[in-house]
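**Q** I have a structure here, written as structure tokens, and I will follow up with some questions on it.
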Amino acid sequence: MSTPFNVIPLSRNLGSVVTGLDLAADLPDSVIRALIDLLHARGVIVVKDQQLTDAQYDRFGRHWGRPLEFFIASHRDRQFPALIKIDNDPATPEPMRDGAVHWHCDSTYEEEPAAVTMLYGREAPRVGGITHFASTAAAYDALPEATKARLDGLVAVHELGKAPWIEGETQPDPRRPQRGMPPQRHPLIARHPVTGRRSIFTSGTAYAIDGMDPAEANQLIRSLREHVVKPEFRIDYKIMPGDVAVWDNYTTVHCASPMEYSAEEGKRRLLYRISTKGRPALCVAA
Ligand SMILES: [Fe+2]
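Letter 41 of the sequence shown, counting from 1, is numbered 32 in the working numbering, and no numbers are missing.
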């Protein structure tokens, strides 16, 4: 693919690093479209060496879809509510810590989950702060045809805090944030809204399957989650200051490594998240 920027793959199945691009500029549609195509081909892209104002980052985020309004209001930026602050402030109450330390894609407890999420790195700790990604599309492709046929048409039930998938938990922790919404239903095998590519869509909030015995559904979801994170489908990446890491929630899952909550020099982590719903405007128009 010929692109107006430099691209370095992070692995065979997943992830590309982009250099030679300034997202602070009002980029032409052709460049944005090339980035969108790259994301759809690679699942995760990291645009290096950025220095963005909140307004510039907000504008870049809107190229990917309609901004998602995060349900915890205190995490939203006052002036740019699409920006969601993620940090390791030691004042963070215990149940609010490490909320992303399990494999998931974003906001699947919503009626319309996040299609794309991005993180802009401002501070990174010297040790830790790794984000793990896995390709749910490559994992789907690798399934036996008989399994694909068995999964086709199944609908998973999602609710925040219902699934016991966090490492070491046998039951969800009731002190964790609750969405206060009814369960949402999403196809177990997703179809990408732009490319049509299929993927395993179990996320971290799927806890049941319509019409299936609960124990059988639990076993099926658990086995698919284990399949998705096999080493051949995975990459690990540490988001550094100046990185804008963008992922496609339809074809990937991600997982944060547990953080030390500290305000000390060299231990702080600060990121700004934007998630979007729907298709990019340039794809809708195409
Ligand atoms: Fe997440």
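Positions of the beta carbon are idealized from the N, C-alpha and C atoms, including for glycine.
(1) Which residue from His149, Ser190, Lys229 puts its Cα closest to that of Asp201?
(2) Considering Cα atoms alone, identify which of Arg113, Val38, Thr10, Val220 is closest to Asp45.
(3) Going by DSSP in three states, Cys274 sits in which element: helix, strand or coil?
(4) For a test of your reading of the model: does the CB of Asp97 fall under 7 Å from any non-hydrogen atom of ligand 1? Yes or no.
(5) Between Thr243 and Ala140, which are expected to be in contact by the criterion C-beta below 8 Å, what is the C-beta distance as a whole number of angstroms?
(6) Does ligand 1 have even one heavy atom less than 7 Å from the beta-carbon of Ala91?
(7) At 4 residues or longer, what runs of the alpha helix (DSSP H) sit wholly inside the segment 195 to 253?
(8) According to DSSP, is Leu110 helix, strand or coil?
(9) Let me check you understand the geometry: is the CB of His245 closer than 7 Å to at least one non-hydrogen atom of ligand 1?
(10) Rounded C-beta distance between Val(-2) and Val9? I'm assuming under 8 Å.
(11) Are Arg67 and Ile77 closer than 8 Å when you measure CB to CB?
(12) Going straight from the alpha carbon of His177 to that of Arg225, what length do you get?
**A** Reading off the structure:
(1) His149
(2) Arg113
(3) helix
(4) yes
(5) With 8 Å as the limit, Thr243 and Ala140 do not qualify as a contact, their Cβ atoms being about 24 Å apart.
(6) yes
(7) 205 to 219
(8) strand
(9) yes
(10) 6 Å
(11) no
(12) 24 Å
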